[in-house]
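Residue numbers (our numbering), protein chains in the order written: chain F, 86 to 400; chain Y, 274 to 562. The C-beta atom is built at its ideal place from N, Cα and C for all residues, glycine as well. As the structure is a prediction and not an experimental result, all values here were calculated from the model.
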C-alpha cells in the first residue's frame, strides 16, 4: 500500500478534547478485547467441573449417558469430522472450478452476476438450509440417492444399512452447499491475485487457456486455494442449526453414511436447555470449548495460508 | 500462421481439451449458482402461500387452531437486532478508529488477531458465552442476552470494515484538516468519519444481514415465547427461532408457517445485502469524483 509510511505513524493527542477522545477510543478497544477474552474464560470456567471429573478421557470415550452422568465426546467428534469431510470433498472441486471460471474464463458480464448469486448463497440463513434439507434433500436421499448408491456400492460398510434420509450424508450435503460460496469467493480472490505476467508468459509459450489456468495459475495459487478450503472446513465444523435439523441426533458411531449421528454443535443445540444436572451442563459447555479451540486452530491455519498468496490483506 | 500452428502434433486435441475444461469450470459455477435458485424457488413457492396479513401481525395459535402468525417473532427480531446494533456500533467503530490511527504495533496486531479469532468462532459457542454471562447468573432467559450474542457476532465485521473504511480516506484529507488547526478529535469526527460513513453503513447492513437469520445462540438466550413480549428483560419470540421450532414440529400447518417465515428471513437478508451493495457502489463513485 502506498500510504503505508504515514499509516505507521502513531497519532498524537495533545489538546484536552483530544485526550478525552483518546480515552474513549482506548476504552472501546479495551472493552472489545475484554469481550473476546471473556468468551474464552467463561467457556473454560463453565467446563471446569467436567474437565476435572472426566479428564482427557472425555475426548476418546464414547458413552453419552446423561441419566447416569456418563459423558464421552467421541461420537460427536466423529459426527463432526465425518460430516465436515463429506462437505469439503463435495464442495472443494466444484468451488475451485467455479473460482477458476470466475477469475480466468468468464467475461465480465457473466462473472459479475454469477459471483453475486454465489455470494447470496452464503447469506441464506442456516435455518432456511435446514428447512430445505429436512423437506427436500432428506426425502431425496431416502428415496432416490440413497438406494442408488446402495445398489452400486452397498457391499461396502460405508453405504450399507437402513436409509433414514436424515444422517451423516444428508448433513454433509447441506454443509457442502453452505460452504461452496466460501471456497469459491476466496479462491477467486487468490487466483485473481496471481500476477498477470505469469499467465502471459505461459500463453506466450503456446499453452491453451485451460492449460495456463490449471497447470500454471492454480499451482501458483495452491496454498491460498487450500487455505480457502480449510477456512470452509472451519465453517462446516461449527455450523449448527442446519445440521441439527438433518443429522438425526443420535450419539452413536456407525460406519454407514446413512446412519443418524450427532455433531458437537448439534448436541449443544438440542440438549442444553434440557440439561438438568450441573455436570451435564458442564459437559455440554466442554463440547463448546472443544469446538471453540478447534475452530481457532483451523481458522488461524487457513488465514496464514491465504495471506501467503494474497498478501497481508485480511480475509 | 494459424494453419502452421495446427501442424504441431496434438494441438487440435489440446484446444478441444481446453474448451472442455472451460465448459467444466462453467458447469461448476453454474451448479453453485443454480443450487441457490433451487433453494430460493422452494422457499418462494412454499412460503408465498403462508404469508398474509394475519401471518405478519397475529400471535401463534395453539396446535389445531387454524391461522395465527409470527407477529411477536417479527417484533422480537426488531427489538433484539436494535439493541444489538446499539451496542455493537460504538464498540466496533471505536476499535476500528483505534486500529486505523495506531496502525502497526503489538497491541493493534493483537486486537486484529482477536477480531479474526472472533469471526471464526461458531455462533453456538457465542450463545454459550451469552448464557454464562447473562442467563445463568440471573436465572432468567432474556431478549437482552440474545442481543448480547448478536453483538458479539456483528463486532468482527464492524471492526475490520470500519478500520478499512477509515484508512481508505486519503491521508491528505486528514492532513488538510490538521493543517487548518483542527485537533485530531475534530479531524476524525468531523472530517474523516463522514467521508467513511457509506462504507461503515454498508458494513452495518451486512452485519445485520448476517445475524438476522442466526438461530443457534437464540436457543438458550431469547428462548422464545407464545405471547407479545417487548421487554428485553424477559424471554422473547424471534422469527428465526419460530422457523426452527415450526420446521421440526410434526404438524403440517406449522411446517407451512416455517416456509412462510423462511421467505421473510431470506427476503430481509437479500434486501439488506442488495442495499449494502448499492450503498458501496455509491460511495465508490463519491471517492472517484
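Listed by chain order, chain F residues near residue i by CB distance under 8 Å
i             : result
residue 509/Y : The contacting residues do not exist; residue 509/Y stays about 15 Å from chain F at best.
residue 543/Y : 205 and 208
residue 428/Y : 117 and 120
residue 432/Y : 117
residue 360/Y : The contacting residues do not exist; residue 360/Y stays about 10 Å from chain F at best.
Nonlocal neighbours in the same chain, by C-beta distance under 7 Å from residue i, ignoring five residues either side
i             : result
residue 321/Y : 536
residue 510/Y : 345, 346, 349, 497, 498 and 502
residue 374/F : 128, 129 and 132
residue 488/Y : 513, 514 and 517
residue 377/F : 128
residue 314/F : 173, 177 and 268
residue 250/F : 223, 224, 226 and 227
Contact with chain F by residue i, beta-carbon distance below 8 Å
i             : result
residue 273/Y : Beyond the ends of chain Y as shown, which are 274 and 562, falls residue 273/Y; an answer cannot be given.
residue 527/Y : no
residue 457/Y : yes
residue 308/Y : yes
residue 551/Y : no
residue 279/Y : Here the model assigns residue 279/Y a pLDDT of 49, short of 50, so the residue's position is not dependable, and the following value carries that caveat. With 8 Å as the cut-off, residue 279/Y does not count as an interface residue toward chain F.
residue 539/Y : yes
residue 520/Y : yes
residue 419/Y : no
residue 351/Y : no
residue 297/Y : yes
residue 473/Y : no
residue 524/Y : no
residue 435/Y : no
residue 329/Y : no
residue 384/Y : yes
6 Å CB neighbourhood of residue i in its chain, flanking five on each side removed
i             : result
residue 203/F : 266 and 269
residue 346/F : 164, 253 and 332
residue 151/F : 365
residue 312/F : 387, 390 and 391
residue 460/Y : 447, 450 and 451
residue 331/Y : 341, 342 and 344
residue 206/F : 266
residue 393/F : 308
Test: residue i CB closer than 8 Å to a CB of chain Y
i             : result
residue 129/F : no
residue 276/F : no
residue 100/F : yes
residue 287/F : no
residue 264/F : no
residue 271/F : no
residue 353/F : yes
residue 110/F : yes
residue 380/F : yes
residue 388/F : yes
Cβ-based neighbour list, residue i, same chain, cut-off 8 Å, excluding 5 preceding and 5 following
i             : result
residue 555/Y : 471
residue 239/F : 245
residue 289/F : none
residue 88/F  : Bear in mind that the predicted position of residue 88/F carries a pLDDT of just 44, short of 50, making it unreliable; the figure below should be weighed with that in mind. Result list for residue 88/F: empty, nothing under 8 Å.
Chain-ordered neighbours of residue i on chain Y, where CB pairs are closer than 9 Å
i             : result
residue 296/F : 287, 290, 291 and 294
residue 384/F : 389, 390, 392, 393 and 394
residue 373/F : 395, 397, 398, 400, 401 and 402
Within chain F, partners of residue i - CB distance below 7 Å
i             : result
residue 363/Y : 113
residue 368/Y : 113, 114 and 117
residue 315/Y : 217 and 221
Chain-ordered chain Y contacts of residue i [CB-CB under 7 Å]
i             : result
residue 187/F : 302
residue 199/F : 302 and 306
residue 182/F : 297, 298 and 301
Amino acids of chain Y, ordered along the chain, whose beta-carbon sits closer than 8 Å to that of residue i
i             : result
residue 213/F : 312, 316, 486, 516, 535, 538 and 539
residue 357/F : 401, 404, 492 and 493
Contacts of residue i in chain F (Cβ-Cβ under 9 Å)
i             : result
residue 356/Y : Near residue 356/Y there are no residues of chain F at all, since even the closest Cβ is about 16 Å away, more than 9 Å.
Ordered list of alpha helix (DSSP H) runs contained in the segment 104-184 of chain F, each at least 4 residues:
Here the runs fully enclosed are 142-145.
Which whole runs of the alpha helix (DSSP H) in the segment 311-393 of chain F are 4 residues long or more, in chain order?
DSSP runs (the alpha helix (DSSP H)) wholly in the segment 311-393 of chain F: 326-331 and 349-356.
Taking only runs of the beta strand (DSSP E) that begin and end inside the segment 299-363 of chain Y, which ones reach a length of at least 3 residues, in chain order?
Scanning the segment 299-363 of chain Y for uninterrupted beta strand (DSSP E) segments of 3 residues or longer gives nothing; none is fully contained.
Runs of 4 residues minimum, wholly inside the segment 450-503 of chain Y: which ones carry the alpha helix (DSSP H) assignment?
Complete alpha helix (DSSP H) runs here, min 4: 466-485.
Three or more C-beta pairs below 8 Å linking the segment 406-425 of chain Y and the segment 450-467 of chain Y:
Verdict: no, contact absent.
Inside the segment 249-309 of chain F only - alpha helix (DSSP H) runs reaching at least 4 residues:
For the segment 249-309 of chain F, the full-length alpha helix (DSSP H) segments reaching 4 residues or more read 253-277 and 281-289 along the chain.
Below 8 Å, can you find three or more Cβ-Cβ pairs linking the segment 166-173 of chain F to the segment 311-323 of chain F?
With a cut-off of 8 Å, the segment 311-323 of chain F and the segment 166-173 of chain F count as touching, because enough Cβ pairs lie within range.
Check whether the segment 433-451 of chain Y and the segment 530-545 of chain Y touch, using three or more Cβ-Cβ pairs below 8 Å as the test.
Short answer: they don't touch.
Any contact between the segment 178-193 of chain F and the segment 275-293 of chain F? By contact I mean 3 or more CB pairs, one from each, below 8 Å.
At 8 Å Cβ cutoff, the stretches touch.
Measuring CB atoms only, is the segment 356-364 of chain F touching the segment 107-115 of chain F, in the sense that at least three cross pairs come out at less than 8 Å?
The segment 356-364 of chain F makes no contact with the segment 107-115 of chain F: fewer than 3 CB pairs, one atom from each, lie closer than 8 Å.
Decide if the segment 517-528 of chain Y is in contact with the segment 537-553 of chain Y; the criterion is three or more beta carbon pairs, one per stretch, under 8 Å apart.
The segment 517-528 of chain Y is not in contact with the segment 537-553 of chain Y.
At least three beta-carbon pairs within less than 8 Å, the segment 352-361 of chain Y to the segment 416-431 of chain Y
With the rule of 3 Cβ pairs closer than 8 Å, the segment 352-361 of chain Y counts as touching the segment 416-431 of chain Y.
Against chain A: residues of the segment 316-340 of chain F by CB proximity under 7 Å:
Within the model displayed, chain A is absent; protein chains F and Y are what it includes.
Just checking, does the segment 342-358 of chain F make contact with the segment 391-400 of chain Y on the three C-beta pairs under 8 Å criterion?
The answer is yes - the segment 391-400 of chain Y touches the segment 342-358 of chain F, with three or more Cβ pairs under 8 Å.
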